[in-house]
Amino acid sequence: MPELPEVETIARGVNDRIRGELIESVWFSRYKEPFKTPPRPMAAALTGARIDRVRRVGKHIVFDLIRPASEPSARHAEWIVHLGMTGRLLVSAPDVPIPPHTHAVLQLSSGRELRFVDPRRFGRLALHVPPASGDGFQGPGREPLTITVEDFAALFRHRKLSIKAALLNQSLLHGVGNIYADESLFRAGVRPTRPAGRLTRQKLTRLHAALQTVLREAIRLGGSSVSDYVDAGGAAGFFQLHHYVYMRAGQACLVCGTPIRRTVIGGRGTHYCPTCQR
Numbered sequence: 044m045p046e047l048p049e050v051e052t053i054a055r056g057v058n059d060r061i062r063g064e065l066i067e068s069v070w071f072s073r074y075k076e077p078f079k080t081p082p083r084p085m086a087a088a089l090t091g092a093r094i095d096r097v098r099r100v101g102k103h104i105v106f107d108l109i110r111p112a113s114e115p116s117a118r119h120a121e122w123i124v125h126l127g128m129t130g131r132l133l134v135s136a137p138d139v140p141i142p143p144h145t146h147a148v149l150q151l152s153s154g155r156e157l158r159f160v161d162p163r164r165f166g167r168l169a170l171h172v173p174p175a176s177g178d179g180f181q182g183p184g185r186e187p188l189t190i191t192v193e194d195f196a197a198l199f200r201h202r203k204l205s206i207k208a209a210l211l212n213q214s215l216l217h218g219v220g221n222i223y224a225d226e227s228l229f230r231a232g233v234r235p236t237r238p239a240g241r242l243t244r245q246k247l248t249r250l251h252a253a254l255q256t257v258l259r260e261a262i263r264l265g266g267s268s269v270s271d272y273v274d275a276g277g278a279a280g281f282f283q284l285h286h287y288v289y290m291r292a293g294q295a296c297l298v299c300g301t302p303i304r305r306t307v308i309g310g311r312g313t314h315y316c317p318t319c320q321r
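The sequence shown: position 83 = 126 (our numbering), numbered continuously.
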């Protein structure tokens, strides 16, 4: 599943390519799974709207839409895209063949198309209309890249679940997934099985710094392409070349040489070094 760095990379790429474009027409597939909002009203809201910007909130990609001022009672809306396990957003020329498993095609004023492709159909498409006096789409948890160390430590206070499971809890921190939880815990020297509520302030401070460093490095390198992830232009990321533990079970730790171990926490494969992480 694309995690925060991959979603951020895609959102930035789409924003750079189509910001300011008018959506001239919309096509949706017949499958019901991707649609949290019914396709017909969602297509009506998208058609004729201008894309003001594209941004990331947690693991969601948010399209800020502007309706023409001439429309009676025009209200701005947000198109919310969640990529699920295998979802992709691609900006393509109209003569490029449409990939199998395409579930949405937005025809843009430049002549290009924005395509949502999702073979497993775990991704979701939704329309969100913010209240007139309220904020836009917020996501379920706190933002890992901007949370302060004080607020970060407070998230885990008195929690009995493991620190790995806590990092994956999207209601606490949204956007962190399996790859970056494993890599951050390694860099912080924290064993993933440790109860979150028993970690010292020193270890939580190290983990906060490691998490933000890992996420920023991964964004700079375009994310991790360990499955079928590609950015908005179809290019793979490179952070997988810098993984210390993720998917390296049985291989020597790059720091101490101890074989990397794999266990399962909360149903997720978890990789760590038994020497470097205590």
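From the three backbone atoms N, C-alpha and C, an ideal C-beta is built for every residue, glycine too.
In the three-state DSSP reduction, E260 falls in the helix class (H, G or I). Close CB contacts of A253 within its chain, under the 7 Å cut and outside five residues either way in sequence, are with S227, R230, A231 (chain order). Beta-carbon to beta-carbon, G127 and F180 are separated by about 17 Å, too far to satisfy the 8 Å threshold.
Taking the Cα positions, K79 is about 24 Å away from R55.
The beta carbon of S135 is closer than 7 Å to those of R155, E156, R158 in its chain, skipping five residues each way along the sequence. Between L258 and L108, the C-beta gap is not smaller than 8 Å, which leaves the two residues out of contact. Beta-bridge partners of E121 (DSSP): D107, H171. The distance from the Cβ of R93 to that of L65 is about 5 Å, consistent with a contact at the 8 Å cut-off. Exposure of P143 is indicated by the presence of fewer than 16 other C-beta atoms within 10 angstroms of its C-beta.
Close CB contacts of W70 within its chain, under the 6 Å cut and outside five residues either way in sequence, are with V148 (chain order).
Shortest Cα-Cα distance from Q255 to any of P174, L210, V307 involves L210. In the three-state reduction of the DSSP assignment, Y315 falls in the strand class, which pools E and B. Distance from the CA atom of A88 to the CA atom of F106, rounded to whole angstroms, is 12 Å.
Within its own chain, the residues whose Cβ lies closer than 7 Å to the Cβ of L247, once the five positions on either side in sequence are excluded, are F195, A196, F199, listed in chain order. Take the alpha-carbon of V100 and the one of R291: they are about 30 Å apart. Excluding its 5 nearest sequence neighbours in each direction, H171 has C-beta neighbours in its own chain below 6 Å: E121, I123, F180, listed in chain order.
Look at P302 here: in three-state DSSP terms it is strand. Annotated as proximal: P77 and H146, with beta-carbon spacing under 8 Å. Residues of the same chain with a CB within less than 8 Å of the CB of L242, apart from the 5 flanking positions on each side, are F199, I206, V233, L250 in chain order. One alpha carbon belongs to T236, the other to I308, and they sit about 8 Å apart. When secondary structure is reduced to three states using DSSP, V69 falls in the strand class. Taking every protein chain shown into account, the CB of R321 has fewer than 16 other CB atoms within 10 angstroms, so this residue is exposed. Separation of A239 and E193 (C-alpha to C-alpha, rounded to the nearest whole angstrom) is 15 Å.
DSSP, reduced to helix, strand and coil, places H286 outside both helices and strands of the structure shown, so it counts as coil.
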